[in-house]
Each structure stands twice: as structure tokens, then as C-alpha cells.
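With the numbering used here applied, the sequence shown corresponds to residues 12 to 150, in that order.
C-beta: ideal position from N, C-alpha, C; glycine also.
Computed from a predicted model, the values in this text were never measured in an experiment.
Below is one structure, written out as C-alpha cells, with a few remarks after it.
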Amino acid sequence: MKLKKRYKFLFGMSIIFILLVTIFYHLWNGNLIFWIPRGEQVDVLLDPGHGDHDPGCIFKDLKEKDFNLKMAKQVQKHLETKGLKVKLTRETDEITWEHHENADLRARVAKSIARDPILFVSMHINSSPDPQANGFEIY
């Protein structure tokens, strides 16, 4: 009987140890985003896609990142005239997080979680080498 209790105890401690190691591993590597300080709650959070080192698609001298930011600021102004509280994930062409895709996506998600918006819109403009391609995407 004592042996059975000992095995249950060791099994339980093993599970706790594995959970702790997993959590600390992900915290160390910046993969967990559920401990985010809360910011001011907003109705709408607009995410002008790309920015800084990442221009997005380019056509002649036009960069997607610039168009996305201008578009987001115009939408913000319009929504604010309707009485909504609107914020952007970036106000300028500079981003304050690491310059690689995973860090970029995590930072944008973290900003969304921190603001707890009713609506989160990530704004992008796609391109294609196919002249027949048209339409839009919504995620």
C-alpha cells in the first residue's frame, strides 16, 4: 500500500516538474503572452501591417507599410468622429519590437490582448505577379 502511494506521489511530482519546466522554457524564449500588462481598453485596435524594416509589397516607389499607416490613421479619425475609442499598434514607421516575423506577430498580438479591443483589424494590401488576380482577403 505504501508503495502505491509513493508511485502516485512521484507521478504527481513528475507532472508538476514537467509543467514548470515547460512554462519556464517558454517564458525564457518569450513565447508566452498571457502575462501582459493591461493598457487602456479600446473599442477598435487598428494594426497597420508591416513597418520599419519590413516594407511589405512594393510598386515603383510606393511601399505597403506607408499606405497601411496612412489608411489606418484615416480610418482612426473617421471612427473617432463616430464616438469610438480607436488606437493603432504603431503610430509611425518605427516599430519597437524585434525585427523578425515571429517577434513581430507576437508583439502585435500582445498589443491586441493588452488593449482588449472589441474589434482588431490588421490592415494589409496584397500584390500578385498575376495580372488576373483581384479581390480582397479578410482574416
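Determine the closest residue to His64 out of Glu105, Ser139, Ala114 and Pro128, with distance taken between C-alpha atoms.
Glu105
Evaluate the contact criterion for the stretch 118 to 127 versus the stretch 75 to 94: three or more CB pairs, one atom per stretch, below 8 Å.
no
Host alpha helix (DSSP H) of Leu80 (start-end):
Glu75 to Thr92
Quick one: grab the DSSP three-state call for Lys98.
strand
Straight-line CA distance for Thr142 to Val55?
What sits at residue 142 in the sequence shown is Pro, not Thr. Whole-angstrom Cα-Cα distance: 34 Å.
Buried or exposed by the 16-neighbour rule on C-beta atoms within 10 Å, applied to Asp72:
exposed
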